[in-house]
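Structure first, then comments.
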Amino acid sequence: MSKPDLSPVPIWRCKDKECKAWMREELATSPSPECPLCKGGMVKSIKHLPKLVNKKSRKKS
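Using full-length UniProt numbering, read the sequence shown as starting at 1 and increasing by one per residue.
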């Protein structure tokens, strides 16, 4: 199995160094979300991730 192509993706990550929570910016529910695990603040960052595939928009041939 080959490794997926990674690209820089904007994310929100928890400010707390002990908390490992993060989410893709495009999937955040608000412009400045709170951490879903510890309810703390989050900051914008970048993470290298595989591209998301929207299965609903695919057309069957």
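Where is the CB? At the ideal position from N, CA and C, for every residue including glycine.
**Message:** Quick check: S45 and W22, are their CB atoms within less than 9 Å of each other?
**Reply:** Taking the first residue of the sequence shown as position 1, residue 45 is located at position 45. Taking the first residue of the sequence shown as position 1, residue 22 is located at position 22. Yes, they are a contact pair.
**Message:** I need the DSSP call for residue 70, collapsed to helix, strand or coil.
**Reply:** Because residue 70 is not part of the residues shown, which for the chain are 1 to 61, the question remains open.
**Prompt:** Can you tell me the Cα-Cα spacing of L37 and K47, whole angstroms?
**Reply:** Translated into the one-based positions of the sequence shown, residue 37 becomes position 37. Translated into the one-based positions of the sequence shown, residue 47 becomes position 47. Taking the straight line from one Cα to the other gives about 19 Å.
**Request:** Pick helix, strand or coil for K51, following the three-state DSSP scheme.
**Result:** Taking the sequence shown and counting its residues from 1, the one referred to as residue 51 is at position 51. It is coil, neither helix nor strand.
**Message:** Going by C-alpha to C-alpha distance, which of K15, A28, D5, P10 sits closest to M42?
**Reply:** Numbered from its first residue, the sequence shown carries residue 42 at position 42. Closest by alpha carbon: K15.
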